[in-house]
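Residue 1346 is where the sequence shown starts when you use the numbering used here, and the numbers rise one by one after that. Backbone N, C-alpha and C fix where the C-beta goes; we use that ideal spot for every residue, glycine too.
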Amino acid sequence: MRQVADSTKEAINQSEGFGAALLSQKLGIDTATKNGAALRQSLVDIVDATTDAAASGADMTERNRQNQEALAQLARQYGLTGEQIRAAADKLGLDDVEVTVALKGAPEAVQQLAAISAKWNDMPTQKTMTIDSSAVTKETQGLLERLGATVERIPNTNQVKITADDADARAKILMVTQNIAVLNALRANRRSTSTRLCSICEIVRPGERLKGWIVPLCRRLLG
1346 MRQVADSTKE AINQSEGFGA ALLSQKLGID TATKNGAALR QSLVDIVDAT
1396 TDAAASGADM TERNRQNQEA LAQLARQYGL TGEQIRAAAD KLGLDDVEVT
1446 VALKGAPEAV QQLAAISAKW NDMPTQKTMT IDSSAVTKET QGLLERLGAT
1496 VERIPNTNQV KITADDADAR AKILMVTQNI AVLNALRANR RSTSTRLCSI
1546 CEIVRPGERL KGWIVPLCRR LLG
């Protein structure tokens, strides 16, 4: 994070990438330019620092405050809005880590989220689901909204309608079942090696490092 703070003090050459030209709808940041590559690295550093903080049980209120300051500084430096820089950071995993922190302190919400994920896995192409309101506490609703879904409590009924129009939101919800299955397996067979952690990440998403909420939780279980 100190490197990020130092880098934001430096003026950049706008001819090497600036403003909306730095954005990529798929990847968050387009690294084809020098400034794009530098900005992406700064965002990755923020995500990694947040992941490490979550894994070590640090004060996440302070970490989130530092993140907001760093993102605001990067937005000013690279000619982006606060929403644009935050969206790019989320594509690189920042929102996933923050959901992790919420999950740690909400075991009932985790169970409800897992049940919703399991049900959605039976109909993965559907964009909406209606379930009993008792199966969605306020904490669970908050987690679903953090994952990109909308939750509507249907008036005069005991039903809740969950909508995930965005493909990324549906993918995150569908992954919950697999992530929790991996965590349960880890609890039953703990091995405190970095190799074991890497193998778990490969199970969840083969061929790439997973920046989702499984990583900090794996570290806490295996460390």
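Just measuring C-alpha positions, the residue of Ser1479, Gln1471, Tyr1423 sitting nearest Thr1502 is Ser1479.
Taking one beta carbon from each stretch, the region 1462 to 1472 and the region 1433 to 1441 have fewer than 3 pairs nearer than 8 Å; the two do not touch.
Ala1434 is the residue among Ala1420, Ala1434, Thr1475 whose C-alpha sits nearest the C-alpha of Asp1393. Taking Asp1511 as the centre and dropping the five residues before and after it, the same chain places the C-beta of Gly1493 closer than 7 Å to its C-beta, in chain order. Taken through DSSP and simplified to helix, strand or coil, Gln1504 comes out as strand. Counting only runs of 4+ residues, the alpha helix (DSSP H) found wholly inside the region 1347 to 1390 occupies 1347 to 1352, in chain order. Take Gly1381, set aside five residues on each side of it, and the residues of its chain with a beta-carbon closer than 7 Å to its own are Gly1362, Leu1367, Ile1374, Asp1375, in chain order. Thr1485 is not a Cβ neighbour of Gln1504, given a cutoff of 8 Å. A direct Cα-to-Cα measurement between Lys1506 and Val1481 gives close to 10 Å. Note on geometry: alpha-carbon atoms of Leu1416 and Lys1517 lie some 24 Å from one another. Among the bridge pairs identified by DSSP, Val1496 is matched with Ile1507.
Among the bridge pairs identified by DSSP, Thr1475 is matched with Lys1506.
Distances from the alpha-carbon of Arg1498 to those of Asp1477, Gln1359, Arg1515 put Asp1477 closest. Annotated as distal: Asn1466 and Leu1425, with beta-carbon spacing of 8 Å or more. For Leu1437, the secondary structure class from DSSP, reduced to helix, strand or coil, is coil. Under the three-state reduction of DSSP output, Thr1485 falls in the helix class. Counting only residues of its own chain and dropping the five nearest sequence neighbours on each side, Gly1487 has no CB closer than 6 Å to any other CB. The C-beta distance from Arg1408 to Ala1398 rounds to 5 Å, short enough to fall under 8 Å. Here Asp1397 carries a helix assignment [DSSP, helix/strand/coil].
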